[in-house]
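K.L.:
In order, the protein sequence lines correspond to chains A and B.
Position 188 of the first sequence, counted from 1, bears residue number 188 in the working numbering, the numbering being contiguous throughout.
Positions in the second sequence are counted from 1; adding 444 to them yields the working numbering.
The beta carbon of each residue, even a glycine, is placed where N, CA and C say it ideally should be.
Note that the coordinates shown come from a computational prediction; the quantities given were computed from them, not determined experimentally.
Attaching a single structure in structure tokens format; questions to follow.
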Amino acid sequence: MTDATAARPTPSLLAQDNRTRHRNRAEVRFRAFGMAAMGTGVLALAVLLASVVSNGLGAFRQTFITFPVVLSQERLDPDGHRDPAAMARVTTFGYAPLIGRAFADHVAALGIETGLGPRAMAAMLSEEAPGQLRTAVLANPQLVGETITLDVLASGRIDGYFKGRVTLESAERDRNVSPEQLRLAETLAQAGVLTTRFNQNFITAPDASGQRPEAAGLGVAILGSFYMMLVVLVLTLPIGVAASIYLEEFAPKNRFTDLIEVNISNLAAVPSIVFGILGLAIFINFAGLPQSAPIVGGLVLTLMTLPTIIIATRASLRAVPPSIRSAALGLGASRMQSVFHHVLPLAAPGILTGTIIGLAQALGETAPLLLVGMVAFVREYPAPLPAGLFDPASALPVQVYNWTQRSDPAFVERASGAIIVLLVVLIFMNALAVLLRRRFERRW
Amino acid sequence: MNDLQVTDPTVQTRALKISARQVDVFYGDTHAIRKVDVDIADKTVTAFIGPSGCGKSTFLRCLNRMNDTIDTARVAGKIRLDGEDIYDPRVDPVQLRARVGIVFQKPNPFPKSIYDNVAYGPRIHGLARDKAALGGIVEKSLRRAALWDEVKDRLGAPGTSLSGGQQQRLCIARAVATSPEVLLMDEPCSALDPIATAQVEELIDELRRRYSVVIVTHSMQQAARVSQNTAVFHLGELVEFGETGQIFTNPNDPRTENYITGRIG
Ligand SMILES: Nc1ncnc2c1ncn2[C@@H]1O[C@H](COP(=O)(O)OP(=O)(O)OP(=O)(O)O)[C@@H](O)[C@H]1O
Ligand SMILES: [Mg+2]
Chain A
1 MTDATAARPT
11 PSLLAQDNRT
21 RHRNRAEVRF
31 RAFGMAAMGT
41 GVLALAVLLA
51 SVVSNGLGAF
61 RQTFITFPVV
71 LSQERLDPDG
81 HRDPAAMARV
91 TTFGYAPLIG
101 RAFADHVAAL
111 GIETGLGPRA
121 MAAMLSEEAP
131 GQLRTAVLAN
141 PQLVGETITL
151 DVLASGRIDG
161 YFKGRVTLES
171 AERDRNVSPE
181 QLRLAETLAQ
191 AGVLTTRFNQ
201 NFITAPDASG
211 QRPEAAGLGV
221 AILGSFYMML
231 VVLVLTLPIG
241 VAASIYLEEF
251 APKNRFTDLI
261 EVNISNLAAV
271 PSIVFGILGL
281 AIFINFAGLP
291 QSAPIVGGLV
301 LTLMTLPTII
311 IATRASLRAV
321 PPSIRSAALG
331 LGASRMQSVF
341 HHVLPLAAPG
351 ILTGTIIGLA
361 QALGETAPLL
371 LVGMVAFVRE
381 YPAPLPAGLF
391 DPASALPVQV
401 YNWTQRSDPA
411 FVERASGAII
421 VLLVVLIFMN
431 ALAVLLRRRF
441 ERRW
Chain B
445 MNDLQVTDPT
455 VQTRALKISA
465 RQVDVFYGDT
475 HAIRKVDVDI
485 ADKTVTAFIG
495 PSGCGKSTFL
505 RCLNRMNDTI
515 DTARVAGKIR
525 LDGEDIYDPR
535 VDPVQLRARV
545 GIVFQKPNPF
555 PKSIYDNVAY
565 GPRIHGLARD
575 KAALGGIVEK
585 SLRRAALWDE
595 VKDRLGAPGT
605 SLSGGQQQRL
615 CIARAVATSP
625 EVLLMDEPCS
635 ALDPIATAQV
645 EELIDELRRR
655 YSVVIVTHSM
665 QQAARVSQNT
675 AVFHLGELVE
685 FGETGQIFTN
695 PNDPRTENYI
705 TGRIG
């Protein structure tokens, strides 16, 4: 009869009591907060992507002008021997008038009234055109004397007109382009002589100087970044994993290892430019490695990436339950066997993810590379591996930085285009990380 | 002659397998085991009983130096296996553990296939000449652990996909597969139903023909059924050690009597 609970009326399950209502409201508030936070993040990402894509997609399309050129022998090979050494004496200045005249003739032949002088006509073509034609002719001397159809880049301003960057009004105030040239370009586009289409040279061609944005490409930068990533991968993975395994599984836990642990965490937080200074002092000034070379950039990025990979690897080693180690040791496995047979396979997905995240970080790193000379203007492709590691090269993020520094607004488009390439590579790498992780994890 | 011993459950003077003298174990500042003397005879089952937290697992782990893997643990005293000090600096614990196997209190199968779980020990110790021999060892071990019938059709399935009790038996099979001279079992039947328990007890009885077995158990009946000797622990001390029959019928120490009759623990 003194039972207190019996005296209380049984609460209905159909109505929430005060406590439950309070808790549920707190949960709803928290969820709304979380969704708002996520929404902000997604919005920021969307704006960023939209701006990069809208600015940069144009870099993958380029305006070309197509017309026939007579490769006259008297100009290009006065001796008539088709000897490349002798022909090489004709510089690009020998080719330029040839192209300019051919373009003017073709326009005249189409019956288009231009009112433009030959110099203004030639200025519509890229300054890169004579060089490209010369390279083609030297590579194939038999072309001399023939008439070939030339497909040359239009100058950056003409190209900008078709991408909306240049208008008739802006051309009035522009020394590099006139409204007449733009009108002619419009007419040529209608005549089919001038076309805007996909330009794979943006991916494969080397950088070009500030006056020729239309010819600038990412070839050297992509190759340089690729070489550096190889160096980073080959060095960080074994060193990082070995160091982590040693620290996590074998090293005695004492003051000294504690100190190392703290320092590794600190290294991960060191500004990347410090690694650049270190690389400059050690690899270039002390070890005498060449400047601007992917090997130096790769070594610097290795230093920068190692702490990240060590921290990620140790975390995934630590996540393996100790009972697995006990099980192996209890069966008479050595410590190394327990690590390599049981712990490492379980930690592999985490190690892999950490490595790829570290590589992605290294791929996007700019500051330390500036210090070791990767910012140099490089037009020569580095040689194939391994010699190419010592040739000058550029890197994708440095190329972005480089292009944003140039005055011609056409380079803004190219910089955004380079960012798109960088992002695509990063997305690809992260997708690979997810894929590999799934594969490894699916086994159990 | 071994058959004789099975049919005759009374204790005879058998060769000494492990002798522990004045063993102390510390976890940091915690004194978990105090001055324990225990003799484990060959071809005998020795049971460790006592209330939870009294140090049975701790002492068991000393016998194959599994405590080495716990950073804070420190062991003092002498433990001899066949007369050799197992804590001698020249002893490689890896070699020791191949001879003194252990089944842990919590089942810990490898996240590999059932087959690989059992085959792992024989593989690293080179016990099987070829694949067929290894398969034979795996089957025999699983049969002895009373698991074969349940898993024979899915040896490739992950060991972690088994039920708790099956995992426990898998761990027993895994330990048995390396043919240790001494098998330490920490509450091997805690997750098992009466049928599987009976099968494991049968296995223990069978192992006793060739090896010595040390079993930690919370079941008085089990200790009485399977063991010849019993050690009673209480708060890190060895309260009493002797023949199982004597411990259960005529204990010397009042704490033993209290524990057995259920007044403490
Ligand atoms: N790794 C460890 N670190 C610190 N203290 C420990 C550790 N393992 C055990 N202990 C302590 O040692 C004492 C004995 O523990 P142990 O696990 O040996 O008990 P037990 O007799 O096996 O108990 P149970 O029957 O519950 O398994 C306990 O007080 C426990 O808190
Ligand atoms: Mg225990």
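When you measure from the CB of B/Ala476 to every non-hydrogen atom of ligand 1, does any distance come out below 7 Å?
P.N.:
Under cutoff, so the answer is yes.
K.L.:
Taking its Cβ as the centre, do 16 or more other Cβ atoms sit within 10 Å of A/Ala215, making it buried, or is it exposed?
P.N.:
By the 10 Å Cβ count, A/Ala215 comes out buried.
K.L.:
Which one or two residues does DSSP pair with B/Ala491 in a beta bridge?
P.N.:
Its beta-bridge partners are B/Ile659 and B/Thr674.
K.L.:
Does the beta-carbon of B/Ser501, which I'm using as the reference point, lie nearer than 7 Å to any heavy atom of ligand 2?
P.N.:
Result yes, Cβ under 7 Å from ligand 2.
K.L.:
Which one of B/Asp486, B/Val482, B/Ala476 and B/Leu460 has the shortest CA to CA distance from B/Ser496?
P.N.:
The candidate whose alpha carbon is nearest that of B/Ser496 is B/Ala476.
K.L.:
So with CB distances below 8 Å, who are the chain A contacts of B/Lys550?
P.N.:
Those are Ser323, listed as they occur along chain A.
K.L.:
Chain A beta carbons: is any one of them nearer than 8 Å to that of B/Phe554?
P.N.:
At least one chain A Cβ lies under 8 Å of B/Phe554.
K.L.:
I'd like to know if B/Lys461 contacts chain A, where contact means its C-beta is closer than 8 Å to some C-beta of that chain.
P.N.:
No - not a single Cβ of chain A is within 8 Å of the one on B/Lys461.
K.L.:
Exposed or buried, what is A/Ile427 when buried is set at 16 or more other beta-carbons lying within 10 Å of its beta-carbon?
P.N.:
So A/Ile427 ends up on the exposed side.
K.L.:
Straight-line CA distance for B/Ile691 to B/Ser585?
P.N.:
For B/Ile691 and B/Ser585, the distance between alpha carbons rounds to 33 Å.
K.L.:
Would you check if there are 3 or more beta carbon pairs closer than 8 Å linking the stretch 457-474 of chain B to the stretch 515-528 of chain B?
P.N.:
Touching, yes.
K.L.:
By alpha-carbon positions, which one of A/Leu371, A/Ser326 and A/Phe256 ends up nearest to A/Leu278?
P.N.:
Checking every option, the nearest Cα to that of A/Leu278 belongs to A/Leu371.
K.L.:
Which residues, in chain order, does the stretch 305-335 of chain A contribute to contact with chain B at a C-beta distance below 9 Å?
P.N.:
Residues passing the 9 Å Cβ filter: Pro321, Pro322, Ser323, Ile324, Arg325, Ser326, Ala327, Ala328, Leu329, Gly330, Leu331, Gly332, Ala333, Ser334 and Arg335.
K.L.:
What are the partner residues of B/Tyr471, as DSSP defines its beta bridges?
P.N.:
Partner(s): B/Thr474 and B/Ala517.
K.L.:
Taking Cβ positions only, does B/Thr622 come closer than 8 Å to chain A?
P.N.:
Interface residue, yes.
K.L.:
Could you name the residues of the same chain whose beta carbon sits closer than 7 Å to that of B/Asp697, not counting the 5 residues immediately before and after it, in chain order?
P.N.:
The answer, listed in chain order, is Val683 and Glu684.
K.L.:
Report yes if the CB atom of A/Leu359 is closer than 8 Å to the CB atom of A/Thr313, and no otherwise.
P.N.:
Cβ atoms of A/Leu359 and A/Thr313: not closer than 8 Å.
K.L.:
With a threshold of 8 Å on Cβ separation, who are the neighbours of A/Leu422 within its own chain once the five nearest residues in sequence on each side are excluded?
P.N.:
Taken in chain order, the residues that qualify are Leu363, Gly364, Leu396, Pro397 and Val400.
K.L.:
Quick one: list the residues of chain B neighbouring A/Lys253, beta-carbon separation under 9 Å, in chain order.
P.N.:
Within 9 Å Cβ-Cβ: Asp515.
K.L.:
Is the beta carbon of B/Val547 sitting closer than 8 Å to the one on B/Val670?
P.N.:
Result no, Cβ atoms of B/Val547 and B/Val670 do not sit closer than 8 Å.
K.L.:
Would you kindly work out how many angstroms separate the C-alpha atoms of A/Ala88 and A/Ala96, rounded to a whole number?
P.N.:
Straight-line Cα distance between these residues: approximately 15 Å.
K.L.:
Quick test of your reading: B/Ala563 and B/Val538, contact by CB under 8 Å. State the CB separation rounded to the nearest angstrom.
P.N.:
B/Ala563 to B/Val538, Cβ: 19 Å. No contact.
K.L.:
Listed in chain order, which residues of the stretch 344-359 of chain A have Cβ atoms closer than 9 Å to some Cβ of chain B?
P.N.:
The stretch 344-359 of chain A vs chain B, Cβ under 9 Å: Pro345 and Leu346.
K.L.:
CB-CB under 6 Å to A/Asp77, same chain, minus the five flanking residues each way: which ones, in chain order?
P.N.:
Counting only Cβ-Cβ distances below 6 Å, and skipping sequence neighbours, we find Met87 and Val144.
K.L.:
Please indicate yes or no: does the CB of B/Ile659 lie closer than 7 Å to some heavy atom of ligand 1?
P.N.:
No, the Cβ of B/Ile659 stays beyond 7 Å of every heavy atom of ligand 1.
K.L.:
Can you give the beta carbon distance from B/Ser623 to B/Lys461, rounded, assuming they're within the 8 Å contact cut?
P.N.:
The Cβ separation is near 15 Å, so there is no contact.
K.L.:
Could you tell me if the beta carbon of B/Asp515 falls within a distance shorter than 7 Å of some heavy atom in ligand 2?
P.N.:
Answer for B/Asp515: no, Cβ out of range of ligand 2.
K.L.:
Sort A/Gln62, A/Asp408 and A/Gly276 by Cα distance to A/Asp174 and report the nearest one.
P.N.:
For A/Asp174, the nearest C-alpha among the options comes from A/Asp408.
K.L.:
Within a Cβ cutoff of 6 Å, which residues of the same chain sit near B/Met445, ignoring the five residues on either side of it in sequence?
P.N.:
Caution applies to B/Met445, whose pLDDT of 36 falls short of 50 and renders its modelled position unreliable; the model cannot decide the point.
K.L.:
Under DSSP, the alpha helix (DSSP H) around B/Asp593 begins and ends at which residues?
P.N.:
Here the alpha helix (DSSP H) through B/Asp593 covers Trp592 to Val595.
K.L.:
So, A/Leu280 versus A/Ala393, is the Cβ gap smaller than 8 Å?
P.N.:
It is not a contact, given that the beta carbons lie outside the stated cut-off.
K.L.:
Do three or more CB pairs link the stretch 118-133 of chain A to the stretch 35-46 of chain A at distances below 8 Å?
P.N.:
Because the criterion of three Cβ pairs below 8 Å is not met, the stretch 118-133 of chain A and the stretch 35-46 of chain A do not touch.
K.L.:
What is the DSSP secondary structure of B/Gly709, counted as helix, strand or coil?
P.N.:
Unreliable placement is indicated for B/Gly709, whose pLDDT of 44 sits below 50; the coordinate value is still reported in the next sentence. The answer is coil: DSSP assigns B/Gly709 none of H, G, I, E or B.
K.L.:
With DSSP run on the structure shown, which of helix, strand or coil describes A/Val274?
P.N.:
It is helical.
K.L.:
So, at 7 Å on beta carbons, what are the nonlocal neighbours of A/Gln211 in its own chain, with the 5 sequence-adjacent residues on each side left out?
P.N.:
Glu127, listed in sequence order.
K.L.:
Are the CB atoms of A/Pro68 and A/Thr147 nearer to each other than 8 Å?
P.N.:
Yes. Within cutoff.
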